Amino acid sequence: MTAAEGEVRSTHSRGITRTTPQVVVSTSDCGELLVREGVTRTNTEQIATRFHPLGRYRIEVGAASWHIRHLLQAIRRDPLVYGFEPTS
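Count along the sequence shown starting at 1, add 18, and that's the number in the working numbering.
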């Protein structure tokens, strides 16, 4: 893991603006992954600090999104994280 940052991303579709609070986890070998479950506007940075110190983590992502991650990257989507824990 090289970085973990909280953010609120805005998307626009059919005249409707939607905001999504999330933590973007950057890795050197898996690309970017998104933590959204349990993330709110007020706790994005708090959740991002759970990834500090930066280093090795076991990260659970959906199997389907993992298998098509290269396609997802091409359309600017990142796999969602469902769980994480530091490794020893």
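For each residue, glycine too, the CB sits at the ideal point set by N, CA and C. The model shown is predicted, which means the values in this text are computed figures rather than measured ones.
Residue i by DSSP, collapsed to three states: which one?
i: His30; result: strand
i: Glu55; result: coil
i: Ser83; result: helix
Cα separation between residue i and residue j?
i: Trp84; j: Pro97; result: 6 Å
i: Arg36; j: Leu72; result: 30 Å
i: Thr62; j: Phe102; result: 15 Å
i: Thr45; j: Thr60; result: 24 Å
i: Pro39; j: Leu51; result: 14 Å
i: Glu23; j: Val53; result: 10 Å
i: Glu55; j: Gly33; result: 26 Å
i: Pro104; j: Thr29; result: 31 Å
Who are residue i's beta bridge partners in DSSP?
i: Arg68; result: Arg68 pairs with nothing; no bridge assigned.
So is residue i buried or exposed if we call it buried at 16+ other beta carbons inside 10 Å?
i: Ile77; result: buried
i: Ser65; result: It is worth fixing the name first, because residue 65 is Ile in this sequence and not Ser. Classification for Ile65: buried.
i: Val26; result: exposed
State the start and end residues of the unbroken alpha helix (DSSP H) segment that holds residue i.
i: Arg87; result: 87 to 92
At which residues does the beta strand (DSSP E) containing residue i begin and terminate?
i: Pro97; result: It is not in any beta strand (DSSP E) - Pro97 carries neither H nor E in the DSSP assignment.
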